[in-house]
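In this note's numbering, the protein residues as written are 17 to 178.
See below for the structure under consideration.
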Amino acid sequence: MENRACTATSHPHGKIVELVIGIPLPLELAQWPQCCMTCIYRIPKNLREVNKETFIPKLVSIGPFHHRREDLREMEMHKLRYLRDFCYRTGKSQKDLLKIIKYNEVKIGRCYSETFAHNSKEFVNMILLDGIFIIELFLRKLEKEKDTYFVNHGWQLVFNMT
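What follows is the structure, given as C-alpha coordinates:
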(Lines of atoms letter the chains of each structure in order from A; the text may use other names.)
(Lines give C-alpha, C1' and ligand atoms only; values in the text may rest on other atoms or scores of the structure.)
Protein backbone atom coordinates (compact mmCIF):
# COMPACT_ATOMS: atom_id res chain seq x y z
CA MET A 17 0.00 0.00 0.00
CA GLU A 18 1.35 3.41 -0.98
CA ASN A 19 1.75 6.23 1.49
CA ARG A 20 1.20 9.90 0.96
CA ALA A 21 3.46 12.40 2.64
CA CYS A 22 2.01 15.47 4.23
CA THR A 23 4.47 18.18 5.23
CA ALA A 24 3.82 21.05 7.62
CA THR A 25 6.39 23.74 8.37
CA SER A 26 6.51 26.37 11.09
CA HIS A 27 9.07 28.75 12.61
CA PRO A 28 9.13 28.31 16.40
CA HIS A 29 12.06 30.36 17.75
CA GLY A 30 13.56 30.68 14.28
CA LYS A 31 13.89 26.92 13.74
CA ILE A 32 12.09 25.16 10.94
CA VAL A 33 10.24 22.09 12.11
CA GLU A 34 9.06 19.58 9.54
CA LEU A 35 6.48 16.94 10.24
CA VAL A 36 5.87 14.15 7.79
CA ILE A 37 2.91 11.88 8.32
CA GLY A 38 2.44 8.70 6.31
CA ILE A 39 -1.16 8.26 5.34
CA PRO A 40 -2.16 5.12 3.43
CA LEU A 41 -3.97 5.81 0.19
CA PRO A 42 -7.62 4.78 0.39
CA LEU A 43 -8.48 1.49 -1.22
CA GLU A 44 -10.89 1.46 -4.09
CA LEU A 45 -14.42 0.98 -2.76
CA ALA A 46 -14.63 -2.46 -4.37
CA GLN A 47 -11.55 -3.56 -2.36
CA TRP A 48 -12.94 -2.51 1.02
CA PRO A 49 -13.77 -5.38 3.35
CA GLN A 50 -17.48 -5.70 4.19
CA CYS A 51 -16.92 -4.36 7.72
CA CYS A 52 -15.70 -1.02 6.29
CA MET A 53 -18.80 -0.57 4.11
CA THR A 54 -21.21 -0.95 7.03
CA CYS A 55 -22.16 2.41 8.48
CA ILE A 56 -25.75 2.00 9.71
CA TYR A 57 -26.17 -0.02 12.88
CA ARG A 58 -28.97 -0.91 15.22
CA ILE A 59 -28.52 0.77 18.61
CA PRO A 60 -26.83 -1.81 20.89
CA LYS A 61 -29.29 -3.62 23.16
CA ASN A 62 -27.55 -2.60 26.39
CA LEU A 63 -27.76 1.06 25.37
CA ARG A 64 -31.42 0.75 24.29
CA GLU A 65 -32.30 -0.73 27.67
CA VAL A 66 -31.04 2.33 29.55
CA ASN A 67 -34.08 4.26 28.31
CA LYS A 68 -36.17 2.27 25.83
CA GLU A 69 -38.39 5.19 24.84
CA THR A 70 -35.42 7.27 23.69
CA PHE A 71 -34.69 5.04 20.72
CA ILE A 72 -38.24 4.32 19.54
CA PRO A 73 -39.43 6.58 16.68
CA LYS A 74 -42.59 8.51 17.55
CA LEU A 75 -43.30 10.33 14.29
CA VAL A 76 -41.51 8.87 11.30
CA SER A 77 -39.58 5.75 10.39
CA ILE A 78 -36.45 6.18 8.30
CA GLY A 79 -34.87 2.99 6.97
CA PRO A 80 -35.64 -0.67 7.54
CA PHE A 81 -35.28 -0.95 11.33
CA HIS A 82 -38.83 0.33 12.04
CA HIS A 83 -40.20 0.26 8.49
CA ARG A 84 -43.36 -1.78 9.05
CA ARG A 85 -44.53 -0.16 12.28
CA GLU A 86 -48.27 0.47 12.01
CA ASP A 87 -48.21 3.47 14.36
CA LEU A 88 -45.88 5.28 11.92
CA ARG A 89 -47.84 4.48 8.73
CA GLU A 90 -49.54 7.89 8.60
CA MET A 91 -46.23 9.50 7.65
CA GLU A 92 -45.93 7.30 4.55
CA MET A 93 -48.56 9.52 2.87
CA HIS A 94 -46.45 12.57 3.64
CA LYS A 95 -43.37 10.85 2.23
CA LEU A 96 -45.34 10.29 -1.00
CA ARG A 97 -46.29 13.98 -1.04
CA TYR A 98 -42.64 14.94 -0.57
CA LEU A 99 -41.65 12.58 -3.39
CA ARG A 100 -44.21 14.21 -5.69
CA ASP A 101 -42.93 17.68 -4.78
CA PHE A 102 -39.29 16.63 -5.21
CA CYS A 103 -40.01 15.20 -8.68
CA TYR A 104 -41.74 18.45 -9.62
CA ARG A 105 -38.85 20.50 -8.19
CA THR A 106 -36.15 18.53 -10.06
CA GLY A 107 -37.97 17.54 -13.24
CA LYS A 108 -37.09 13.88 -12.53
CA SER A 109 -39.69 11.15 -12.61
CA GLN A 110 -40.19 8.58 -9.90
CA LYS A 111 -39.08 6.00 -12.46
CA ASP A 112 -35.77 7.88 -13.00
CA LEU A 113 -35.11 7.97 -9.26
CA LEU A 114 -36.02 4.30 -8.83
CA LYS A 115 -33.52 3.33 -11.56
CA ILE A 116 -30.72 5.09 -9.67
CA ILE A 117 -31.58 3.36 -6.41
CA LYS A 118 -32.08 -0.03 -8.08
CA TYR A 119 -28.63 0.31 -9.71
CA ASN A 120 -27.10 0.99 -6.26
CA GLU A 121 -29.29 -1.43 -4.27
CA VAL A 122 -26.52 -3.86 -3.31
CA LYS A 123 -24.18 -1.06 -2.27
CA ILE A 124 -26.95 0.56 -0.18
CA GLY A 125 -27.85 -2.77 1.42
CA ARG A 126 -24.25 -3.32 2.46
CA CYS A 127 -24.36 -0.13 4.50
CA TYR A 128 -26.64 -1.85 7.02
CA SER A 129 -25.19 -4.02 9.76
CA GLU A 130 -27.85 -6.68 9.27
CA THR A 131 -30.09 -8.03 6.55
CA PHE A 132 -33.84 -7.55 6.49
CA ALA A 133 -36.81 -9.58 5.29
CA HIS A 134 -37.76 -7.01 2.64
CA ASN A 135 -37.89 -8.06 -0.98
CA SER A 136 -35.96 -6.02 -3.55
CA LYS A 137 -38.93 -3.92 -4.69
CA GLU A 138 -39.94 -3.06 -1.13
CA PHE A 139 -36.35 -2.15 -0.16
CA VAL A 140 -35.84 0.08 -3.21
CA ASN A 141 -39.19 1.84 -2.65
CA MET A 142 -38.40 2.34 1.05
CA ILE A 143 -34.99 3.86 0.24
CA LEU A 144 -36.60 6.12 -2.38
CA LEU A 145 -39.34 7.43 -0.08
CA ASP A 146 -37.12 7.81 2.99
CA GLY A 147 -34.19 9.35 1.13
CA ILE A 148 -36.30 11.85 -0.80
CA PHE A 149 -38.26 12.70 2.36
CA ILE A 150 -35.03 13.67 4.13
CA ILE A 151 -33.68 15.62 1.14
CA GLU A 152 -36.96 17.47 0.57
CA LEU A 153 -37.27 18.22 4.29
CA PHE A 154 -33.84 19.87 4.28
CA LEU A 155 -34.54 21.72 1.03
CA ARG A 156 -37.77 23.12 2.48
CA LYS A 157 -35.97 24.20 5.62
CA LEU A 158 -33.25 25.81 3.53
CA GLU A 159 -35.91 27.70 1.57
CA LYS A 160 -37.79 28.54 4.80
CA GLU A 161 -40.88 26.90 3.34
CA LYS A 162 -43.55 26.11 5.89
CA ASP A 163 -45.08 22.66 5.80
CA THR A 164 -48.60 23.43 6.95
CA TYR A 165 -49.30 19.82 7.92
CA PHE A 166 -46.50 19.73 10.46
CA VAL A 167 -47.31 23.25 11.68
CA ASN A 168 -51.08 22.63 11.98
CA HIS A 169 -50.62 19.40 13.87
CA GLY A 170 -48.06 20.87 16.26
CA TRP A 171 -45.54 18.16 15.50
CA GLN A 172 -41.94 18.88 16.27
CA LEU A 173 -39.31 16.90 14.42
CA VAL A 174 -36.88 14.84 16.44
CA PHE A 175 -34.03 17.09 15.35
CA ASN A 176 -34.10 20.84 15.69
CA MET A 177 -33.90 22.39 12.24
CA THR A 178 -33.97 26.06 13.23
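From the three backbone atoms N, C-alpha and C, an ideal C-beta is built for every residue, glycine too.
Helix, strand or coil at residue i [DSSP, three-state]
{"i": "residue 57", "result": "coil"}
{"i": "residue 64", "result": "helix"}
{"i": "residue 78", "result": "coil"}
{"i": "residue 160", "result": "coil"}
{"i": "residue 148", "result": "helix"}
{"i": "residue 136", "result": "helix"}
{"i": "residue 97", "result": "helix"}
{"i": "residue 141", "result": "helix"}
{"i": "residue 116", "result": "helix"}
In DSSP terms, what residue i is bridged to
{"i": "residue 104", "result": "Paired residues: none, contrary to the question."}
{"i": "residue 128", "result": "56"}
Residues of its chain near residue i, where Cβ-Cβ distance is below 7 angstroms and the 5 sequence neighbours each way are ignored
{"i": "residue 143", "result": "117, 124"}
{"i": "residue 76", "result": "88, 91"}
Same chain, Cβ closer than 8 angstroms to residue i, five either side skipped, listed in chain order
{"i": "residue 147", "result": "117"}
{"i": "residue 103", "result": "109, 110, 113"}
Inter-residue CB distance, residue i and residue j (contact presumed, cutoff 8 angstroms)
{"i": "residue 98", "j": "residue 138", "result": "Contact doesn't hold; Cβ gap of about 19 angstroms is too wide."}
{"i": "residue 129", "j": "residue 54", "result": "5 angstroms"}
{"i": "residue 149", "j": "residue 74", "result": "At roughly 16 angstroms, the Cβ-Cβ gap does not stay under 8 angstroms, so residue 149 and residue 74 are not in contact."}
Checklist entry - Touch check for the region 61-68 and the region 125-133: three-plus C-beta pairs under 8 angstroms? => result Taking 8 angstroms as the limit for Cβ pairs, the verdict is that the region 125-133 does not touch the region 61-68.
Checklist entry - Pairing CB atoms from the region 80-100 with CB atoms from the region 138-157, are three or more of them under 8 angstroms? => result yes
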